[in-house]
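So the structure is just underneath, and the comments pick up after that.
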Amino acid sequence: MTTDFQKTHFAVMDLQYSYLDDGYTLVATTDVPCHLYCRMTEQPPHQHTLPSSRRGTRFTGDVRFCFTIFEDNDQVEAGDTLTHTFIKDKWEVCHDRWFYFVGTIGGVTVVSETCIFKFHFPAPPPPVPEAMTQTLFANETNRAIRYTWGTWDICHDTIVGDRLNTYGPPNYDQFCGDRQTASYFINRSFRR
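Residue numbers (this note's numbering): 6 to 197.
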């Protein structure tokens with residue numbers, strides 16, 4: 006049963022967001038059916054004080070927050086709904102936006118509004134680097150690679166240029182043959 010208070014007020018119960026390739030999606034869920042607008046700004050909210058009276062007590066420094074430059078974004082769904090979707094284009098990487106929600110119930114503007122949210126648009130994940138590969142060829146003057154009794158026959162009798170094993174990461178390819186022999190054991194640390 007809807008009370009008189011619920012006919013003129015709403016509350017955001019949940020707020021979810023998801024990143025898209027070309028922007029992001031905000032999904033807000035409210036306690037009563039209403040139509041929401043997302044009021045968004047690029048500038049941090051301004052704080053100022055106003056004199057006010059509450060329950061007979063005068064306050065000279067009642068803190069207020071306001072947006073000076075903003076845009077109202079209408080929800081995707083038509084009419085009054087419990088779930089409200091907002092789709093926004095992406096903006097500059099690592100920039101912030103501040104927003105809050107205002108709305109109507111049955112076409113009548115309500116006095117409810119939400120707290121101010123801050124949304125940070127992050128940088129996309131870095132690309133995966135390509136695998137590093139270093140190929141080792143054993144020869145008489147290269148003492149970086151040695152052989153053992155168990156691998157000498159395998160390496161020596163293999164066709165020249167065959168890949169016998171791969172170590173990683175980074176990937177070290179082991180090629181074998183009668184002129185290019187290598188073993189499973191690498192005794193050299195690679196320096197830049």
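Note that beta-carbon positions come from the ideal geometry of N, C-alpha and C, so glycine has one too.
**Prompt:** Taking the Cβ atom as the reference point for each residue, do residue 89 and residue 33 lie within a distance shorter than 8 Å?
**Reply:** yes
**Among 111, 79 and 96, the one whose alpha carbon lies nearest that of residue 85** = 111
**Request:** Please work out which residues of its chain come closer than 8 Å, Cβ to Cβ, to residue 46, disregarding the five sequence neighbours upstream and downstream, and give them in chain order.
**Result:** 72, 73, 74, 75, 76, 102, 103 and 104
**Message:** Below 8 Å on the Cβ atoms is my contact criterion, and I expect residue 35 with residue 116 to pass it. Report the Cβ-Cβ distance as a whole number of Å.
**Reply:** About 15 Å; that fails the 8 Å criterion.
**Request:** Examine the ligand ADP and report whether any of its heavy atoms sits within less than 7 Å of the Cβ of residue 48.
**Result:** Because no ligand of any kind appears in the structure shown, any question about the ligand ADP cannot be addressed here.
**Item:** Residue nearest to residue 87 in terms of C-alpha spacing, selected from 109, 94 and 78
**Value:** 109
**Prompt:** What is the rounded straight-line gap between the Cα of residue 27 and the Cα of residue 125?
**Reply:** 15 Å
**Item:** Endpoints, the beta strand (DSSP E) within which residue 59 is located
**Value:** 51-59
**Message:** Contact defined as beta carbons within less than 8 Å: I believe residue 55 pairs with residue 69. What is the distance between those atoms, to the nearest angstrom?
**Reply:** 6 Å
**Message:** Distance check for residue 30 and residue 121, CA to CA, integer angstroms please.
**Reply:** 17 Å
**Request:** Please name the residue or residues paired with residue 123 in a DSSP beta bridge.
**Result:** 103
**Request:** Just grab the DSSP bridge partners of residue 118 for me.
**Result:** 107
**Message:** If distances are taken between C-alpha atoms only, which option among 107, 42 and 129 comes closest to residue 98?
**Reply:** 129
**Request:** Determine which residues share a DSSP beta bridge with residue 62 and list them.
**Result:** 59
**DSSP-derived helix/strand/coil call for residue 73** = coil
**Asked** Is residue 3 near residue 42, with beta carbons less than 8 Å apart?
**Response** A query on residue 3 cannot be resolved here, the shown segment of the chain reaching from 6 to 197 and no further.
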